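Residue 150 is where the sequence shown starts when you use the numbering used here, and the numbers rise one by one after that. Cβ coordinates follow ideal geometry from the N, Cα and C atoms, glycine included. On a predicted model such as this, the values are computed, not experimentally measured, just so you know. Report on one structure; see the data block that follows.
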Amino acid sequence: MYYEYPMETYLEYPILIAQDAVLLLFILYYTGSTRNALAYSGIFFGLWNILVLKKWIIGIALNLCTLISASSKFLQLQHLWHTQDSGQASAMTWGMATYTCATRIFTTLMTTGDIAVLIRFIVMLLLNCWIVFAILKYRKKPEDKKKED
Numbered sequence: 150m151y152y153e154y155p156m157e158t159y160l161e162y163p164i165l166i167a168q169d170a171v172l173l174l175f176i177l178y179y180t181g182s183t184r185n186a187l188a189y190s191g192i193f194f195g196l197w198n199i200l201v202l203k204k205w206i207i208g209i210a211l212n213l214c215t216l217i218s219a220s221s222k223f224l225q226l227q228h229l230w231h232t233q234d235s236g237q238a239s240a241m242t243w244g245m246a247t248y249t250c251a252t253r254i255f256t257t258l259m260t261t262g263d264i265a266v267l268i269r270f271i272v273m274l275l276l277n278c279w280i281v282f283a284i285l286k287y288r289k290k291p292e293d294k295k296k297e298d
């Protein structure tokens with residue numbers, strides 16, 4: 150609203166930020182870092198309430214949501230590297246996320262051309278591609294499953 154962009158360009162951010170924060174909390178919880186999850190939750194909710202005070206805070210918030218999104222994706226990558234097993238991670242789901250980032254880059258270029266938003270989606274596109282490649286690399290092949298049995 151501060152930048153007078155069309156409503157569709159900023160309405161999704163609260164949902165995306167919350168989604169990435171929840172993913173990050175689940176990863177921290179299931180890796181045994183519950184104390185870190187509680188600290189991050191407090192910081193997240195505190196910053197969320199401060200967000201609406203000034204225009205410059207919106208700029209910082211956009212950079213922070215890039216950091217939060219990148220952190221959740223980086224932790225997913227770290228887990229994939231550590232276990233060397235894609236487990237239940239879906240290459241199709243992450244592929245759709247990659248496609249969404251690519252389309253958002255295009256729509257941002259066509260509607261606002263906002264550099265901060267473009268950087269965010271380019272970073273997310275690269276990390277999503279990396280996750281897709283890691284899932285494909287570490288997924289179990291049929292012959293691997295037979296060896297386990």
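Alpha helix (DSSP H) segment containing residue 283, residue limits
Per DSSP, residue 283 belongs to the alpha helix (DSSP H) from 264-287.
Just reading off the alpha helix (DSSP H) that residue 244 is part of, what are its end residues?
Residues 240-260.
Looking at the structure shown, is residue 169 part of a helix, part of a strand, or coil, going by DSSP?
Here residue 169 sits in helix by DSSP.
Three-way DSSP call (helix, strand, coil) for residue 180 in this model
The answer is coil: DSSP assigns residue 180 none of H, G, I, E or B.
Go ahead and label residue 273 buried or exposed: buried means 16 or more other beta carbons lie within 10 angstroms of its beta carbon, across all protein chains shown.
Classified as buried, residue 273 has 16 or more neighbouring CB atoms from the shown chains inside 10 Å of its CB.
Taking 8 Å as the cut-off, does the region 165-178 touch the region 218-232 (at least 3 CB pairs, one atom from each stretch)?
With the cut-off at 8 Å, the region 218-232 and the region 165-178 touch.
Indicate whether residue 284 and residue 230 have their beta-carbon atoms separated by less than 8 Å.
No. Outside cutoff.
Thinking C-alpha only, which one of 287, 276, 249 is nearest residue 237?
Between residue 237 and the set 287, 276, 249, the nearest pair of CA atoms involves 287.
Beta carbon of residue 247, beta carbon of residue 278: below 8 Å?
Yes, they are a contact pair.
Quick one: Cα of residue 171 to Cα of residue 193, how far?
Their backbone Cα atoms lie some 11 Å apart in a straight line.
My output table needs one value for residue 227: the three-state DSSP class, helix, strand or coil.
The answer is helix: DSSP assigns residue 227 an H, G or I state.
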